[in-house]
Every structure is written in structure tokens, then in C-alpha cells.
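Residue numbers (our numbering): 17 to 220.
Encoded structure:
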């Protein structure tokens, strides 16, 4: 009878010990998961010092904002390439900035326009070219875009409004001072660039 009681106590002790181990394991795992989530959450928070006072600022997921950056990059490139004044230094400056945002397909189109005397005609006719972006269609999955805009060519004698449609692909690259979005336009080509309106100005 005494032996039976001792065996029962041993079994009870074993079950208590086993249950304690299981409970501790569950608590440890739960604590670890909770701590991991807290660390991940804290990484999305940054602090900015304002006169020595830390202010919480939310950090957004870079990929969530990527489509907006793609569109901003496309808009910036077209603005550099198609907004020009009758100043050879300014044209050179705009083209230099544009070439940082695109691959050799941009240089090819630039050289073609240069050979045709397009930039010299801007200077000789004192033309001012401005670009208005209408819309940008973006296929993020395939990194493809189509740009729709209107280009105004303001000359001394007339004002011409032209439609502009281009397309190309996007390649992600490391960010730099000259390419802050970290995007390179590739396989770029002009689909349409035709006159929509040509208005003569008074000569007096």
C-alpha cells in the first residue's frame, strides 16, 4: 500500500514536471513571436530630432510607394527631354539630366534629333517648348509604361500644340544623386508626335 502511494506521487510529480515544461515552452515561443513582431514594428518607426526632442515619424514600405516613384521618374524624364528654350547651354543641360534617367535608347533619339537640326531650329526660331503630362499608363508587373502628353512649341510667328505618346520599360537600379528614384527607362520610343493645333500670331 505504501509502495502504491509512492508510485502515485512519482507519477503525479512527473506529470506536474511535464506540464510545467510544456507551459514554459509555450510561454517562451509566444514571447519570442511577440518580441519579433515588436522589433519588426519598431523598424517601421523612425525618430526625427526637433531641437533635441525626438518626434515619431512613420516609415512606409518602399514597394508600396514604388508605382508613384515610377510615374514621377517617367514624368521627370519627359519634362527634361521635351521642355526646352532657345539656349544651347540650357538644351545641353536638359539633355544631360535626361540621359541619367534612360538607357541608350534615349541617347539614340537625342542624336537623331541633333542630326536633323532640331535643336538648331529651336535656337534659330527662338522657340520655347513646354510639355504638359496628360496621363501615364503603368503596368507595374511587366515594368511597362505609356506616356500621354501635349507639347507646346511657342514661336515668334505661331504656336503649335502637338500630341506626344511614348512607351518604354523600366529597370530598377541603385539610387544616386542624378537618379534619385533608382529607375532607368529602357527600350524607349515615340509612338506619336503630331500637330493638333497651329495658331498664327499677329506680326504687329
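We treat Cβ as the ideally placed atom computed from N, Cα and C, and that holds for glycine.
Between residue 99 and residue 147, how many whole angstroms is the CB-CB distance? I'm expecting something under 8 Å. Within the chain shown, residue 99 is the residue found at index 83, counting from 1. Within the chain shown, residue 147 is the residue found at index 131, counting from 1. Correct: roughly 5 Å between the Cβ atoms.
State the DSSP-derived secondary structure class of residue 100, mapped to helix, strand or coil. Position 84 of the chain shown, counting from 1, holds the residue named residue 100. Residue 100 falls in the strand class under three-state DSSP.
If you check the beta carbons only, do residue 93 and residue 124 fall under 7 Å apart? Numbered from its first residue, the chain shown carries residue 93 at position 77. Numbered from its first residue, the chain shown carries residue 124 at position 108. No, these two residues do not count as a Cβ contact at 7 Å.
Can you tell me whether residue 182 is buried or exposed, with buried defined as 16 or more other CB within 10 angstroms of its CB? As a position in the chain shown, residue 182 is number 166, starting the count at 1. Buried is the call here.
Helix or strand or just coil, what does DSSP make of residue 156? If you number the chain shown from 1, residue 156 lands on position 140. Coil, per DSSP.
What residues match up with residue 178 in a beta bridge as DSSP calls it? Mapped onto the chain shown, residue 178 falls at position 162. DSSP lists 167 and 211 as partners of residue 178.
Does the beta-carbon of residue 204 have 16 or more other beta-carbons within 10 angstroms, so that it is buried, or is it exposed? Numbered from its first residue, the chain shown carries residue 204 at position 188. Residue 204 is buried by the Cβ-count criterion.
Taking the alpha-carbon of residue 149 as reference, which of 53, 162, 102 and 101 has the nearest alpha-carbon? Position 133 of the chain shown holds residue 149. Comparing alpha carbon positions, the residue from 53, 162, 102 and 101 closest to residue 149 is 162.
Same chain, Cβ closer than 8 Å to residue 83, five either side skipped, listed in chain order: Looking up residue 83 in the chain shown gives position 67. Excluding sequence neighbours, residue 83 sits near 154 and 156.
Taking the alpha carbon of residue 178 as the reference point, which residue from 184, 172, 185 and 209 has its own alpha carbon closest? Sequence index remark: in the chain shown, residue 178 carries index 162 (1-based). The shortest C-alpha separation from residue 178 is found at 209.
Simplified DSSP assignment, three categories, for residue 92: Translated into the one-based positions of the chain shown, residue 92 becomes position 76. Residue 92: helix per DSSP, three-state reduction.
Residue 39 classed as buried or exposed, judged by whether at least 16 other C-beta atoms fall within 10 angstroms: Here residue 39 refers to the residue found at position 23 of the chain shown. By the neighbour-count definition (other C-beta atoms within 10 Å, threshold 16), residue 39 is an exposed residue.
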